[in-house]
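This report refers to the structure that appears directly beneath it.
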Amino acid sequence: ISLAFGTAVAGFFGMNVVHGWEEAEGVFELVVIGSTFFGGAFLGGCYSYLNGARAQKRTLEHLSEIEIMNRALGDMSALDCSFELMLNEKEPLTKERFREKIFASDPECI
1469 ISLAFGTAVA
1479 GFFGMNVVHG
1489 WEEAEGVFEL
1499 VVIGSTFFGG
1509 AFLGGCYSYL
1519 NGARAQKRTL
1529 EHLSEIEIMN
1539 RALGDMSALD
1549 CSFELMLNEK
1559 EPLTKERFRE
1569 KIFASDPECI
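Numbering-wise, this note's numbering puts 1533 at position 65 of the sequence shown, and it's gapless, one number per residue.
Structure, rendered in structure tokens:
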């Protein structure tokens, strides 16, 4: 997309369209520098989005959720014990409470 923007701008100014800037001094350099800067900034923003701290945080959160589900499905006795403990309590089930109960379950409560 960064290269496409620069190409589109160059294509517009390369057409035989009369816009009044054909004879102006420095407009060509300004357009080249501006489109290069915009393309580079867009490329930097995309790179930051894909490899930035937020993407890494989201990945770690997803891995944590996968680990919790793997533990829950891999150890059905822990899941059974966690649900039994939650049924005895009258509080709503949230993701955080489920995580706490799964990791706090003992094999002794089976």
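Note that CB positions come from ideal geometry on N, CA and C, so glycine has one too.
Keep in mind it's a predicted model, so treat the numbers as computed, not measured.
Hey, would you say residue i sits closer than 9 Å to residue j, going by beta carbons?
| i | j | result |
| --- | --- | --- |
| Phe1473 | Gly1507 | yes |
| Asn1554 | Arg1567 | One point to set straight first is that residue 1554 is Met, not Asn, in the sequence displayed. No, they are not a contact pair. |
| Arg1522 | Phe1571 | no |
Assuming residue i is part of the alpha helix (DSSP H), what are its boundary residues?
| i | result |
| --- | --- |
| Val1579 | The shown model of the chain, from 1469 to 1578, leaves out residue 1579, and the question about it has no answer. |
| Leu1561 | Per DSSP, Leu1561 belongs to no alpha helix (DSSP H) and is neither H nor E. |
| Leu1492 | The displayed chain sequence assigns Ala, not Leu, to residue 1492. Per DSSP, Ala1492 belongs to no alpha helix (DSSP H) and is neither H nor E. |
| Val1477 | Ser1470 to Gly1482 |
How many Å lie between residue i and residue j at the Cα?
| i | j | result |
| --- | --- | --- |
| Leu1471 | Gly1513 | 14 Å |
| Phe1505 | Glu1529 | 34 Å |
| Thr1475 | Ser1516 | 23 Å |
| Lys1558 | Phe1551 | 12 Å |
| Glu1535 | Gly1520 | 23 Å |
| Thr1562 | Ile1469 | 42 Å |
| Ala1492 | Gln1524 | 48 Å |
| Ile1578 | Leu1511 | Confidence is the limiting factor: at Ile1578 the pLDDT is only 42, short of 50, which leaves the residue's position unreliable, though a coordinate-based value still follows. Cα to Cα, the separation comes out at about 55 Å. |
| Val1499 | Leu1518 | 28 Å |
| Leu1531 | Met1537 | 10 Å |
Under the assumption that residue i contacts residue j (Cβ atoms under 8 Å), give the Cβ distance between them as a whole number of angstroms.
| i | j | result |
| --- | --- | --- |
| Val1477 | Ser1503 | 4 Å |
Beta-carbon within less than 6 Å of residue i's beta-carbon, same chain only, minus the 5 sequence neighbours each way: which residues are those?
| i | result |
| --- | --- |
| Val1495 | Trp1489 |
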